[in-house]
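Take a look at the structure set out below.
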Amino acid sequence: MAEQTMTIGGESVAADREFGVVNPATGQVHAQAPDCSREQLDAAMKAAAGAWRDWRKDEAGRRKALHEAGDLLMAKAGELAPTLTMEQGKPIGEATFEIVGAGYWLKYFADLEIPTEVIRDDDQARVEVRRRPLGVVAAITPWNYPVMLAAWKIAPALLAGNTMVLKPSPYTPLSSLAMGTLLKDVLPAGVLNVISGGDELGAWMTSHPVPRKISFTGSVATGKKVAQSAAPDLKRVTLELGGNDPAILLDDVDPGAVADKLFAAAFQNNGQVCSAIKRVYAPERMYDEVVEALAARAREAKVGDGMTEGVQYGPINNKPQFERVSELVADALGNGARAVTGGRAMDGPGYFFEPTILAGARDGMRIVDEEQFGPALPVIGYRTLDEALERANATHFGLSGSVWSADADRAAEVAAELECGTAWANTHLALHPGQPFGGFKHSGVGVENGTWGLLGFTEIQVVHRAR
Ligand code: NAD
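Take the sequence shown: its position 128, counted from the start at 1, is 120 in this note's numbering, and no numbers get skipped.
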């Protein structure tokens, strides 16, 4: 019997079938999760549609419920964290931080204004632009930050007056299911339904007749399928997809002074962050120094089971991803790159890979051109800044990027030349619930967070009153 249940219409629901969830630190199935049937998906959609009728009318109630939900997540973060660590791999402290952060997100949106604009008010007419909820939102999330990325959807969608059916990744279903169970005590029945299953369940959701909006976070390849599936019914979509973030070091930077931040932003969550630094461009004259500063940090990194005290980096989340990172590193090594440190899987069970710094990396190598999403970072030398910018932008990805300089103004000026949704200067991965986040090009459609993210869960309605 699965240890977690789905939440459908305010009830805890098991499924006839189950699937195994692997602990990536051991490589073994450690728990079962419910495999949602089509009938149960229909029931979840029906519950969400039914709950929408009252939920949409009670803004004060929604704000109160979101505050309570946020408080509850924060209070129970310590209890939920082991569930997240054992399915995702991240250290227990980071798991706790993720759940507290999700609570913070809910509370931030609980107080965010839903804007109404009066665009005309004269003796002829009063014209207001209002924001109306869409209806049922189908939310689909990936395995790297299952709780946090669900909160990025739940908070604005529910505040705007929508209801939701949420499906986490089959690699990390348990923490989202546990969140659904927890929040059913503070949200009216049917407002947030949480179901679990394989990729096909996601496809059933995007083609289901009930939802009016798909909010999707995941890979570019799946994002394209989601867009296709949503099109015949003209469902609204927000797509938060993959990234291949460049970090460009300018010629005045002190490598020793920025190495801690660069390393942290490349290896956070073991490199499994959509907007992690995935390639570093360093001026030729300081190239060796940059490589060595990063390698020194990689050598010190403590990798192990996330449940063990003192571990900083856990395993890669799943076997296909572990194999992909191994393959991209092997490809780079076979094509002239050098592993200054790391470069291979670690002995023993579980999907552990040595933190890897690759010198001699070039554009055209797969690990530079593709999204590695793991603990391996290529460092690429450049001669002129124009060349570095051109190479940084020569990609279908456009999620985020950063520029590093002794002069923050100069860094910001150059960063604005990056073709991406978030351009950081002397930092990377600095996020806030009020700051819109999304990608250019193949990295996404629409944004999440802030008022802009909230508006993505609404339709514009013009109320034109004749005088
Ligand atoms: P994925 O695309 O394989 O899966 C994401 C989700 O989509 C899962 O829940 C999966 O079950 C579901 N899914 C799979 N096929 C589907 C289909 N045909 N229709 C509907 N749903 C389907 O991605 P992943 O491997 O879980 O996550 C890693 C990717 O997510 C990386 O590319 C990463 O960059 C990206 N990501 C982006 C952001 C962002 O905000 N831009 C944040 C985190 C992760």
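Glycine is no exception: its CB is placed at the ideal position from the N, C-alpha and C atoms.
Computed from a predicted structure; not experimentally measured.
- At a cut-off of 3 residues, the continuous stretches assigned as beta strand (DSSP E) that sit fully inside the region 323 to 410 are 330 to 333, 348 to 351, 368 to 374 and 392 to 396.
- Taking all protein chains shown into account, S4 has fewer than 16 neighbouring C-beta atoms within 10 Å of its C-beta and is therefore exposed.
- Scanning the region 241 to 281 for uninterrupted alpha helix (DSSP H) segments of 4 residues or longer gives 247 to 259, listed from N- to C-terminal end.
- Take the alpha-carbon of G413 and the one of R459: they are about 43 Å apart.
- For V218, the shortest separation between its Cβ and any heavy atom of ligand 1 lies below 7 Å.
- Ligand 1 has no heavy atom closer than 7 Å to the beta-carbon of F89.
- The residue from A23, R123, N154 and A368 with its alpha-carbon nearest to that of V283 is A368.
- Under the three-state reduction of DSSP, F432 is assigned to coil, being neither helix nor strand.
- Sorting L65, A43 and T173 by C-alpha distance to the C-alpha of P180 places A43 at the top.
- Contact check for A52 against P26 fails: the beta carbons are separated by 8 Å or more.
- CA-CA distance, V229 to E276, rounds to 43 Å.
- Secondary structure note for E60: its alpha helix (DSSP H) is the uninterrupted segment E51 to Q80.
- Here I111 is exposed: its Cβ has fewer than 16 other Cβ atoms, across all protein chains shown, within 10 Å.
- With respect to the 8 Å criterion, A102 and V139 are not classified as neighbours on the basis of their beta carbons.
- When Cβ pairs closer than 8 Å are counted between the two stretches, the region 73 to 81 is seen not to touch the region 197 to 211, the count staying below three.
- Burial is judged here by how many other beta carbons sit within 10 angstroms of a residue's own beta carbon; T348 has at least 16 and is buried.
- A61 and S167 have their C-alpha atoms spaced approximately 15 Å apart.
- Annotated as distal: L241 and A285, with beta-carbon spacing of 8 Å or more.
- Take the alpha-carbon of S207 and the one of E281: they are about 43 Å apart.
- Residue pairing for M156: DSSP places it in a beta bridge opposite V129 and L184.
- Counted as a single uninterrupted DSSP element, the stretch harbouring F11 is not any alpha helix (DSSP H) but the beta strand (DSSP E) occupying residues R9 to N15.
- Under the three-state reduction of DSSP, M197 is assigned to helix.
- The C-alpha of R336 is placed about 20 Å away from the C-alpha of K82.
- At least one heavy atom of ligand 1 falls within 7 Å of the beta-carbon of S211.
- Distance from the CA of L184 to the CA of A149, rounded to the nearest whole angstrom, comes to 10 Å.
- In the DSSP assignment, W44 falls outside any beta strand (DSSP E) and lies within the alpha helix (DSSP H) extending over R30 to W47.
- M171 sits away from V129, with the two beta carbons spaced by 8 Å or more.
- About 11 Å separates the CB atoms of F255 and R291; that is not less than 8 Å, and the two are not in contact.
- DSSP places P26 inside the beta strand (DSSP E), whose first and last residues are Q20 to D27.
- Set against 7 Å, the gap from the CB of C266 to the closest heavy atom of ligand 1 is smaller.
- Within the same chain, Cβ atoms closer than 7 Å to the Cβ of G445 are found at P148, P428 and V439, the five residues on either side in sequence being excluded.
- Pairing F449 with P125, the inter-Cα distance amounts to about 6 Å.
- E120 has V110 and V455 as its beta-bridge partners, per DSSP.
- By the C-beta criterion, the region 416 to 436 is judged to be in contact with the region 246 to 260, since at least 3 inter-stretch pairs fall below 8 Å.
- Contact between the region 253 to 272 and the region 400 to 407 is absent, with fewer than three C-beta pairs closer than 8 Å.
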